[in-house]
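Enquirer:
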Amino acid sequence: MFVAPTKWLLFQDRQTIDNDDNANLTFTHDDSLLEIFENLAIYPDSDVVLARRFDGDFLELLSVYRPSPQRGVIWENRGNWTIKSGLRMRTLDVASARRRDLQQTPLKSCLVMTDPNTVNHLTDFKDKTIDPVTKANYPWILHLVNRMNATISFEVTNSWGYRAENGSWNGMIGMLKRREIDIGGTATFLVPERIGVVQYIQLYTHTCSRFVFRRPLLSTVSNIFILPFQRNVWIAIAVFLTLVFCLLYLTIQWENYRDRMAESATDWNQKPNKPTISDYLLILLGAFSQQGYAYEPHRISSRIVTFMLLLASLSLYASYTANIVGLLQSTTDSIKTLPHLLNSPLKLGAQDVVYNRYYSKSFQDPVRKAILEQRIEPKGRKSNWMSIEEGVRRIRNELFAFQGEIGTVYQLMQDTYFEEEKCGLTEIDYLKVLYPLLVIQEQSPYSEIIKTGALKLREYGLKYREEYRLYTRKPVCASQTSFITIGFTECDFALITMGYGILLAVIVLALELLWHKRQTMRAKKCAIIETSRAETDLVYLD
């Protein structure tokens with residue numbers, strides 16, 4: 051009944067009436083009431099005030115608490131009250147400041163370790179990529195305990211604690227719920243199912259688990275062969291080529307007509323057939339793509355059209371190739387959200403750690419479920435759960451996005467990447483959780499003392515000391531002067547276009563062969579018919 055936030059104000063009248071003279075009041079020294087509190091559960095979070103009246107209207111104010119079940123009761127003189135002077139307090143300090151001395155009370159905590167060897171490197175800052183959250187929080191717990199003048203013992207587990215199907219909790223959270231420990235030694239995520247089971251302390255560890263990847267080249271996620279010009283420019287080019295095609299058709303027809311009228315022996319007139327639409331098209335494409343053409347104009351009108359085509363083609367070709375060179379070495383920032391990541395050409399992987407597996411399988415939204423089922427745990431193929439070292443290596447060598455603890459990822463990148471490889475790093479939040487926080491028992495008697503101590507750790511800078519030494523911020527991009535290798539992936543559209551062109555050429559060749567064969571057979575049939583007719587005529591003549 052004395053647990054916070056309940057407040058108690060108890061009154062005791064220390065005055066008694068003398069039997070000889072009802073007008074006189076005598077003072078009693080009976081302190082038996084104080085002995086009642088010796089065995090009560092009145093801990094530092096309680097607020098119990100005893101107001102004792104001695105003489106007249108003078109009230110002495112006392113507050114009572116005990117540091118722990120193993121320690122005795124402590125009475126605090128809070129001040130006094132009279133009608134004339136009112137309330138006069140000895141100190142205005144709150145209970146968490148007055149009662150932080152726990153008189154060497156033994157407390158218990160729990161450290162979460164994914165590697166058993168972490169227990170040997172909690173304070174020497176070695177192997178910073180292994181269990182960094184535990185190594186950062188361990189000194190904080192020691193600072194908090196020292197500030198409370200308490201002692202602490204640690205247990206070790208390999209799980210933060212998750213709810214089973216029967217409703218029970220395992221790991222560190224289960225220990226706190228069963229009150230086997232007083233404070234969690236490793237920060238954990240604030241998730242809805244843990245609210246009401248444990249109490250969170252506003253002492254964040256500035257780290258989280260996210261997808262980290264290097265921005266891919268623009269050519270890997272889009273067709274760069276249409277990017278040098280805007281859409282309006284491409285439309286203008288199409289209109290220009292259509293206009294040139296019409297003018298070319300008219301001028302060549304006019305040139306052919308004039309040559310025939312003049313009976314001049316030009317190369318064009320020596321052709322067995324008139325120019326066809328395909329001839330005009332090849333002339334246009336040959337000139338526009340800087341590949342040359344077999345037509346030599348000799349009339350003023352056709353020369354003007356051809357010169358205009360060549361001049362425009364030269365300008366467009368110079369602009370196009372210059373932009374292509376820049377775009378081939380440009381990265382894209384189009385991958386900004388989880389749907390973009392799911393539909394991107396990047397391969398995905400995740401750090402094989404217990405909380406990653408648990409939260410990834412608990413998501414219900416379609417995008418995260420698709421990422422897990424299609425990209426991280428595809429059916430019939432090897433799963434992409436891996437160590438953080440392998441994930442960082444694949445980010446460096448492949449089109450790969452790795453979901454892991456970003457402080458450790460950046461530390462490995464800082465140690466193994468070249469300077470130019472540290473550029474273009476991007477993060478996408480996958481778990482959608484806050485920074486991990488420290489946790490204590492629900493309705494812990496030391497909650498306010500620990501909360502105040504957490505604020506002091508931040509104020510004094512002790513919190514940031516371990517974070518700065520254990521966690522690496524995103525590497526700074528200091529150089530982008532390296533050459534970027536362009537391979538088949540970046541030029542896939544050109545290769546696909548060439549492949550379709552070859553396929554179309556083979557199909558056209560097959561059709562031409564069939565057509566030629568059909569025409570040959572028809573010619574043979576006609577020749578046979580003509581021969582038979584001639585023989586028949588000879589018979590008739592005979």
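Residue numbering for the sequence shown follows the working numbering, beginning at 51 and increasing consecutively.
We put the CB at the ideal spot given by N, CA and C, even for glycine.
All values reported here derive from a predicted model rather than from experimental measurement.
Among the candidates Leu298, Arg515, Arg213, whose CA atom is the shortest distance from the CA of Gly246?
Expert: Arg213
Enquirer: Mapping the DSSP letters down to three states, classify Lys176 as helix, strand or coil.
Expert: coil
Enquirer: What alpha helix (DSSP H) runs, 4 residues minimum, are completely inside the stretch 94-177?
Expert: For the stretch 94-177, whole alpha helix (DSSP H) runs of length 4 or above, ordered along the chain, are 145-148.
Enquirer: In whole angstroms, what separates the C-alpha of Arg444 from that of Leu488?
Expert: 33 Å
Enquirer: Please tell me whether Ala649 and Leu360 are closer than 8 Å, where the distance is taken between their beta carbons.
Expert: Missing from the structure shown is residue 649; the chain here goes from 51 to 592 and no further.
Enquirer: On the three-state DSSP scale, how would you describe Ser272?
Expert: DSSP places Ser272 in coil when its eight states are reduced to three.
Enquirer: What is the DSSP secondary structure of Asp63, counted as helix, strand or coil?
Expert: In the displayed model, Asp63 falls within a strand according to three-state DSSP.
Enquirer: Among the residues of its own chain, which have a CB less than 8 Å from the CB of Ser218, if the five just before and after it don't count?
Expert: Gly224
Enquirer: Just verifying my parser: in three-state terms, what is the DSSP assignment at Glu471?
Expert: helix
Enquirer: Going by DSSP, what residues sit across from Gly454 in a beta bridge?
Expert: Arg260
Enquirer: Apart from the five residues just before and just after Thr381, which ones in its own chain have a Cβ nearer than 7 Å to its Cβ?
Expert: Arg265, Pro266, Leu267, Leu268, Gly474
Enquirer: On the DSSP bridge assignment, give the partners of Lys397 in chain order.
Expert: Lys397 pairs with Phe450.
Enquirer: According to DSSP, is Ser203 part of a helix, a strand, or is it coil?
Expert: strand
Enquirer: What's the C-alpha gap between Asn273 and Tyr370?
Expert: 14 Å
Enquirer: Arg310 by DSSP, collapsed to three states: which one?
Expert: helix
Enquirer: How would you label Arg572, buried or exposed, when you count the other beta carbons within 10 angstroms and need 16 or more for buried?
Expert: Arg572 sits exposed, since fewer than 16 C-beta atoms from the chains shown fall within 10 Å of its C-beta.
Enquirer: Suppose contacts are defined by Cβ-Cβ distances below 8 Å. Is Pro189 in contact with Thr179 by that definition?
Expert: Contact flag unset, no.
Enquirer: Which word fits Trp547, buried or exposed, when buried means at least 16 other C-beta atoms lie within 10 angstroms of its C-beta?
Expert: As written in the sequence, residue 547 is Thr, which differs from the Trp given in the question. Classification of Thr547: exposed, given that the 10 Å Cβ count is below 16.
Enquirer: Please state whether the Cβ-Cβ distance between Leu59 and Val123 is less than 8 Å.
Expert: With respect to Val123, Leu59 sits apart: the two C-beta atoms are not nearer than 8 Å.
Enquirer: Using 10 angstroms around the beta-carbon of Val526, count the other beta-carbons present and answer buried if the total reaches 16, otherwise exposed.
Expert: exposed
Enquirer: So, for Tyr550: in the same chain, excluding its five sequence neighbours on each side, which residues have a beta-carbon less than 6 Å away from its beta-carbon?
Expert: none
Enquirer: What residues are listed by DSSP as bridge partners for Ile499?
Expert: Note: Ile499 sits in no beta bridge, so no partner.
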